[in-house]
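Student: Protein chains in written order, with the numbering used here: chain A, 22 to 449; chain B, 9 to 178. We put the CB at the ideal spot given by N, CA and C, even for glycine. Before I ask anything, let me first share the structure, which is written out below as structure tokens.
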Amino acid sequence: MPFDSTCRPIDITTQSAQRTSDMNEHILLPDGSIEKQTTTLNLGPTHPATHGVFQNILELDGERIMKATSTVGYIHRAFEKIAERRPLYQITPLTDRLNYCSSPINNMGWHIACERLLGVKTPKRVDYLRIIIMELARISDHLICNSIVGVDSGAYSGFLYLMQYRELIYEIYEEVCGSRLTTNIGRIGGFERNFTDTAFQKLEKFLAEYPKVLKEFENLFTRNRIFMERTIGCGAISAERALNYGFTGPNLRAAGVDYDVRVHTPYCSYEEFNFTIPVGSTGDCYDRFLVRNEEMWQSLDIIRQAWQKVQSFKGADAEVFHADTPAYYLPPKQDVYTKMEALIYHFKIIMGEIDMPVGEIYSSVEGANGELGFYLISDGGRTPYRLHFRRPCFIYYQAYPELIQGGMLSDAVITMSSLNLIAGELDA
Amino acid sequence: MALTNDMIRENLTGKFGEVLYDWEEPYGMLTFSAPKDLNLKVLQHLYDDEVMAFRFLTDLQAVHFPDKKGAELAVVYHLHNLRDNVRIRFKVYTDIQTPDVYSATALFNSANWMERETYDFFGVNFIGHPNLIRVLNVEEMDYFPLRKEFPLEDQTRIDKDDEMFGRGTY
């Protein structure tokens, strides 16, 4: 076999002297040859088991992972740079494309950040409607994540079963804002229109049907021997390491830290709601699964409470769906055609001619996979001077090599899906 | 006893004296700046001190201010005390010719990629970082795109008057 140019240099003088004396001396083989102790495996960027554009170069000893190197950035779209040229309302569609499994939470998180900067106070009814939408988004995100963990452990039916109910959630979005995946839902100050009766009927349908299905899903998985043996102890992380790695959301709570932005820094009237924060203890895939399942139950409970509160508004109060912020909230279209003031505001908002107050704000919401933060600096111009998204999964994905080291290759796949990594959010 | 912004300020001034500056509280979050060679000492103190206990690095990124001569780049740390639930913001300014700032990776594992991202977009050179390479952009890139001198749109366009559409200069 001929040596190629990548072979290691051999010191000819000493080698040849030895060669004459010892015919059994060891010949140095080039890297990557059959004699190498470990195998290099390129997992991704487009691998069916990674559910997104993730590349990991794994160093394998048999099936055991010795070392992993993650590469990210395959779908980087320069959102932070683009945002520096967009007025506030045009940034909402960019946030859709971060965590696209629960884009309403991103939209509302962004609106809440803007409202804090502008000093806008939203009516209670808007807060409750937002909570309904955000918790629906959390359910749809957790539902995907948990059922994908099921798929990666070899149980496809749970995924197909739950997926039907994500459809019901998407129908509610559709009824409220007209789109399903990248929702661009709501406006600064509230919603673009009031919820229709159909939207509430669909919500009631979902609230009536989903608990039964979720229960059945739990019956299929939670005490399933195969599933437990596949996930317990796999991809575990201690609370201390998780905090040091900047974990937030269900992944941190699975490690036993009860940090939740909804409770610690309440926004959108979350302080009026009664719910518990589930925590795990070992931080492994199984605990992450359990925490997410329990969070879905809690979200259902929050939605029910919010729905009750929304129903308590009667008469004119039941027609409130946005705050009174004419400089940032588009006027109704019929007014634009008939009233001078509405026309002026319409023009100024659409052309992005409204100057923001000078300020610097960090505002965060509890996204479906962690603390989603917006760091917004305004120099008094029409567009942000600087906008930074704190993207939870970009920060905790760094821990991935540590989580999978020493485990089996198949555990790496299940760990990745149970971390709820969303490529859009990872790469901004 | 809950930790208040005044207590934090008192504690830090007691430890570091008057070198910390720009004390502000925009929207209730205590914000201050330090000379760039002190950044690790401040972070370490905030981490170790039993009263302060800022042991969670929420966010780390940079901002470019081309008009501030000699302090063009600001590296901004958002720290969180999870026990008392207090957040603070801490800034370090550096000039753009030698954008060297000590790396916080020894203190926070989470700083690793966030510093890589900051390097990637602003070119802040984090001294002591184990693997300071680009993270989101391609490795062959030879500029730092989030700096303000790089306009978002093609500057040779003449059909669009920037003064009419949003920001003028940048």
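Starting from Y35(B), find everything on chain A with Cβ-Cβ shorter than 9 Å and list it in chain order.
Tutor: Within 9 Å Cβ-Cβ: R137, L138, G380, E381, I382, Y383 and S384.
Student: Could you tell me how far apart the beta carbons of F242(A) and G179(A) are, in whole angstroms, since I believe they sit closer than 8 Å?
Tutor: Contact flag correct, Cβ pair sits at about 6 Å.
Student: Strictly under 8 Å for the Cβ-Cβ distance: is N265(A) near chain B by that measure?
Tutor: Output row for N265(A): interface = yes.
Student: Against chain B, does I398(A) count as a neighbour if the rule is that its beta carbon must be under 8 Å from one of theirs?
Tutor: Yes, contact with chain B.
Student: What's the call for W121(B), buried or exposed, on a 16-neighbour Cβ count within 10 Å?
Tutor: Label assigned to W121(B): buried.
Student: Does any residue of chain A bring its CB to less than 8 Å from the CB of D67(B)?
Tutor: Chain A contact via Cβ: present.
Student: Might you give, ordered along the chain, the residues of its own chain that have their beta carbon closer than 6 Å to the beta carbon of S42(A), omitting 5 neighbours on each side?
Tutor: Note that S42(A) scores a pLDDT of 48, beneath 50, so its modelled location is shaky and nothing firm can be said.
Student: Check each candidate in N117(B), T12(B) and M60(B) and name the one with the smallest Cα separation from E423(A).
Tutor: Here the closest residue by C-alpha is N117(B).
Student: Can you find a CB in chain A that lies within less than 8 Å of the CB of V50(B)?
Tutor: It does not: the Cβ of V50(B) has no partner Cβ on chain A nearer than 8 Å.
Student: Within this structure, are the beta carbons of R251(A) and I435(A) separated by less than 8 Å?
Tutor: Taking 8 Å as the Cβ cut-off, R251(A) and I435(A) qualify as a contacting pair.
Student: Under the three-state reduction of DSSP, which class applies to S91(A): helix, strand or coil?
Tutor: Here S91(A) sits in strand by DSSP.
Student: Answer yes or no: does any C-beta atom of chain A fall closer than 8 Å to that of E26(B)?
Tutor: Taking Cβ atoms only, chain A never reaches closer than 8 Å to E26(B), which makes this a no.
Student: At which residues does the beta strand (DSSP E) containing I382(A) begin and terminate?
Tutor: Here the beta strand (DSSP E) through I382(A) covers G380 to G388.
Student: Using a Cβ-Cβ cut-off of 7 Å (strictly less than) and excluding sequence neighbours within five positions of G254(A), which residues of its own chain qualify?
Tutor: If we look at G254(A) and ignore the five residues flanking it on each side, its Cβ neighbours are D305.
Student: Using the Cα positions of F415(A) and E446(A), report the straight-line distance between them to the nearest angstrom.
Tutor: Spanning the two alpha carbons is a distance of roughly 7 Å.
Student: Flag this pair as yes or no: are the beta carbons of L351(A) and I365(A) separated by less than 8 Å?
Tutor: Contact flag unset, no.
Student: Restricting to runs no shorter than 4 residues, where is the alpha helix (DSSP H) found entirely within the region 83-159 of chain A?
Tutor: With a minimum length of 4 residues, the continuous alpha helix (DSSP H) runs that stay inside the region 83-159 of chain A are 100-104, 109-117 and 124-139.
Student: Strictly below 7 Å CB to CB, what residues from chain A border L154(B)?
Tutor: The contacting residues are E101 and K102.
Student: Using the beta-carbon of each residue, which ones in chain B are nearer than 7 Å to R411(A)?
Tutor: Result: T66 and D67.
Student: Could you list which residues in chain B have their beta carbon closer than 7 Å to that of V93(A), in chain order?
Tutor: Within chain B, the residues near V93(A) are V143 and L144.
Student: Have a look at A420(A) and A119(B) and give me their C-alpha separation to the nearest angstrom.
Tutor: Straight-line Cα distance between these residues: approximately 11 Å.
Student: Just to confirm, is the Cβ distance from K102(A) to L68(B) under 8 Å?
Tutor: Their beta carbons are not under 8 Å apart, which means K102(A) does not touch L68(B) by this criterion.
Student: Mind listing the chain A neighbours of H53(B)? Cutoff is C-beta to C-beta under 7 Å, in chain order.
Tutor: By Cβ distance, chain A contributes nothing, its closest Cβ being about 18 Å from H53(B), past 7 Å.
Student: Do A220(A) and V197(A) have their beta-carbon atoms positioned less than 8 Å apart in this structure?
Tutor: Contact: yes.
Student: What is the DSSP secondary structure of Y127(B), counted as helix, strand or coil?
Tutor: In this structure, Y127(B) counts as helix in the three-state DSSP scheme.
Student: Would you mind sorting R214(A) into buried or exposed? The rule is 16 or more other CB atoms within 10 Å of its CB.
Tutor: Its Cβ having fewer than 16 others within 10 Å, R214(A) is exposed.
Student: Give me the Cα-Cα distance between V59(B) and K23(B), rounded to the nearest whole angstrom.
Tutor: In a straight line, the C-alpha of V59(B) is about 13 Å away from that of K23(B).
Student: State yes or no: is the beta carbon of Y280(A) nearer than 8 Å to at least one beta carbon in chain B?
Tutor: Yes - at least one Cβ of chain B is within 8 Å of the one on Y280(A).
Student: Counting only Cβ pairs nearer than 7 Å, list the residues of chain A close to M122(B).
Tutor: The contacting residues are I416.
Student: Would you say the region 267-275 of chain A touches the region 376-383 of chain A, given that touching needs at least three Cβ pairs under 8 Å?
Tutor: Touching, no, given that fewer than three Cβ pairs across the two stretches are closer than 8 Å.
Student: Under three-state DSSP, which class holds M429(A)?
Tutor: Here M429(A) sits in strand by DSSP.
Student: Report all residues from its chain with a CB closer than 7 Å to the CB of F130(B); omit the five preceding and five following residues, and keep chain order.
Tutor: Excluding residues within five positions, the ones whose Cβ falls inside 7 Å are A70, H72, L81, F152, L154 and R155.
Student: Beta carbon of P107(B), beta carbon of N145(B): below 8 Å?
Tutor: No, Cβ-Cβ distance for P107(B) and N145(B) is not below 8 Å.
Student: By the three-class DSSP mapping on this structure, what secondary structure does V197(A) have?
Tutor: V197(A) falls in the helix class under three-state DSSP.
Student: Could you spell out the range, first to last residue, of the beta strand (DSSP E) harbouring T286(A)?
Tutor: Here T286(A) belongs to no beta strand (DSSP E), and DSSP marks it neither H nor E.
Student: Look at the alpha carbon of T61(A) and the alpha carbon of T92(A), and state the distance between them as a whole number of angstroms.
Tutor: Taking the straight line from one Cα to the other gives about 15 Å.
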